[in-house]
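Chains as they are written, first to last, in the numbering used here: chain D, 3 to 109; chain X, 2 to 115.
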Amino acid sequence: KNEVEQSPQNLTAQEGEFITINCSYSVGISALHWLQQHPGGGIVSLFMLSSGKKKHGRLIATINIQEKHSSLHITASHPRDSAVYICAVFNTDKLIFGTGTRLQVFP
Amino acid sequence: SAVISQKPSRDICQRGTSLTIQCQVDSQVTMMFWYRQQPGQSLTLIATANQGSEATYESGFVIDKFPISRPNLTFSTLTVSNMSPEDSSIYLCSVEGQGTTEAFFGQGTRLTVV
């Protein structure tokens with residue numbers, strides 16, 4: 003079993019839909035990252051969370067430390083949101099990555 | 002924050018050759034990290050590079066195959082040596098924010114070995 007599990011692996015949506023991507027982890031963490039990977043491979047950090055909830059534009063990230071679970075929500079999705087979204091946890095000075103969720107948003 | 006310039010962004014290489022990937026950071030950082038992402042897989046840490054000392058390699062990665070240089074606090078290179086098609090992956094460098102758990106990534110190098 004992977005230490006960081008994401009679901010779903012693949013997700014398709016129509017423009018405007020509300021999207022949720024889930025991340026569960028089994029190790030102790032000091033922080034959790036949500037990352038966006040573009041088709042060329044480059045990665046952008048969207049959020050770093052250690053508790054509660056953060057919002058940036060149409061993106062919202064939440065974390066429940068007791069349940070070891072985090073969610074990334076995208077409101078009013080747009081085709082430019084199409085990317086791979088990766089959850090990563092910071093554990094003993096090291097990042098452990100989930101396998102990612104491939105999102106495609108169609109117009 | 003930190004801005005990382007990684008190059009090349011992609012390359013197609015012949016088996017048996019070597020490729021050196023460069024990462025330049027716009028600020029001084031203690032540790033730099035090199036990752037590999039094989040097709041359809043999550044990122045795997047290859048090694049951690051500290052300035053002035055040898056890199057620390059993760060299990061399954063060796064210095065002869067992935068030599069790393071870290072000549073100063075803003076620059077590092079990773080070489081993929083004696084390449085085979087199994088080395089076809091995305092390679093990424095990363096740094097942490099000073100005194101924080103923030104993470105910043107380069108743009109990635111998409112390597113195809115033919």
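Heads up, the beta-carbon is just placed ideally off N, CA and C, and yes, glycines get one too.
Closer than 8 Å by C-beta to residue i: which residues in its own chain qualify, once you throw out the five before and the five after it? Chain order, please.
| i | result |
| --- | --- |
| LEU13 of chain D | ILE21, ILE23, THR103, ARG104, LEU105 and GLN106 |
| GLU5 of chain D | TYR27, SER28, VAL29, VAL91, ASN93 and ILE98 |
| VAL1 of chain X | For residue 1 of chain X there is no data in the structure shown, the boundaries of chain X being 2 and 115. |
| PRO40 of chain X | SER89 and SER90 |
| PHE67 of chain X | TRP35, ILE47, ALA48, TYR58, LEU79, THR80, VAL81 and SER82 |
| GLY107 of chain X | ILE5, SER6, GLN7, CYS24, LEU93, CYS94 and SER95 |
Residues of chain D with CB closer than 8 Å to the CB of residue i, please, in chain order.
| i | result |
| --- | --- |
| PHE106 of chain X | LEU37, GLY44, ILE45, VAL46 and SER47 |
| ARG111 of chain X | GLY42 and GLY43 |
| LEU46 of chain X | LYS96 and LEU97 |
Check whether the Cβ of residue i lies closer than 9 Å to any Cβ atom in chain X.
| i | result |
| --- | --- |
| ALA85 of chain D | no |
| LYS96 of chain D | yes |
| ALA63 of chain D | no |
| ASN4 of chain D | yes |
| PHE108 of chain D | no |
| ILE67 of chain D | no |
| ILE76 of chain D | no |
Which chain X residues sit within Cβ distance under 9 Å of residue i?
| i | result |
| --- | --- |
| THR101 of chain D | GLY41, GLN42 and SER43 |
Apart from the five residues just before and just after residue i, which ones in its own chain have a Cβ nearer than 6 Å to its Cβ?
| i | result |
| --- | --- |
| PHE49 of chain D | TRP36, LYS56 and ALA63 |
| VAL46 of chain D | GLN38 |
Measure the C-alpha to C-alpha separation of residue i and residue j and round it to an integer number of angstroms.
| i | j | result |
| --- | --- | --- |
| THR110 of chain X | SER90 of chain X | 8 Å |
| THR101 of chain D | GLU7 of chain D | 7 Å |
| ILE88 of chain D | GLN42 of chain X | 11 Å |
| THR18 of chain X | ALA56 of chain X | 22 Å |
| LEU46 of chain X | ARG37 of chain X | 6 Å |
| ARG60 of chain D | GLY18 of chain D | 11 Å |
| SER72 of chain D | SER53 of chain D | 10 Å |
| SER60 of chain X | CYS94 of chain X | 18 Å |
| GLY43 of chain D | ASP83 of chain D | 15 Å |
| LYS70 of chain D | ARG16 of chain X | 43 Å |
| ASN51 of chain X | LEU20 of chain X | 21 Å |
| PHE108 of chain D | PRO41 of chain D | 16 Å |
| LYS38 of chain D | VAL86 of chain D | According to the sequence as given, residue 38 of chain D is Gln; it is not Lys. Going from the Cα of GLN38 of chain D to the Cα of VAL86 of chain D covers about 6 Å. |
| PHE62 of chain X | GLY53 of chain X | 20 Å |
Would you please verify whether the beta carbon of residue i is less than 9 Å from any beta carbon of chain D?
| i | result |
| --- | --- |
| LEU20 of chain X | no |
| SER89 of chain X | no |
| GLN38 of chain X | yes |
| SER28 of chain X | no |
| PHE62 of chain X | no |
| PHE34 of chain X | yes |
Going by alpha carbons, who is nearest to residue i out of the options?
| i | options | result |
| --- | --- | --- |
| THR78 of chain X | X:GLY41, X:ILE69 and X:MET84 | X:ILE69 |
| SER32 of chain D | D:ASN66, D:LEU74 and D:SER9 | D:ASN66 |
| SER79 of chain D | D:GLN68, D:GLN38, D:GLN16 and D:HIS58 | D:GLN16 |
| THR75 of chain X | X:CYS14, X:LEU112 and X:GLY98 | X:GLY98 |
| SER85 of chain X | X:ASN73, X:ARG71 and X:LEU112 | X:LEU112 |
Does residue i have its Cβ less than 9 Å from a Cβ in chain C?
| i | result |
| --- | --- |
| ASN24 of chain D | Looking for chain C here will not work: the only protein chains present are D and X. |
Please list, in chain order, the chain D residues whose beta carbon lies closer than 7 Å to that of residue i.
| i | result |
| --- | --- |
| SER10 of chain X | GLY42 |
| LEU79 of chain X | What LEU79 of chain X touches in chain D: nothing, since even the nearest Cβ is about 14 Å away. |
| GLU55 of chain X | The contacting residues do not exist; GLU55 of chain X stays about 18 Å from chain D at best. |
To which residues of the same chain is residue i closer than 7 Å at the C-beta, ignoring the five residues directly before and after it?
| i | result |
| --- | --- |
| LYS8 of chain X | GLN23 |
Strictly below 9 Å CB to CB, what residues from chain D border residue i?
| i | result |
| --- | --- |
| LEU74 of chain X | Near LEU74 of chain X there are no residues of chain D at all, since even the closest Cβ is about 18 Å away, more than 9 Å. |
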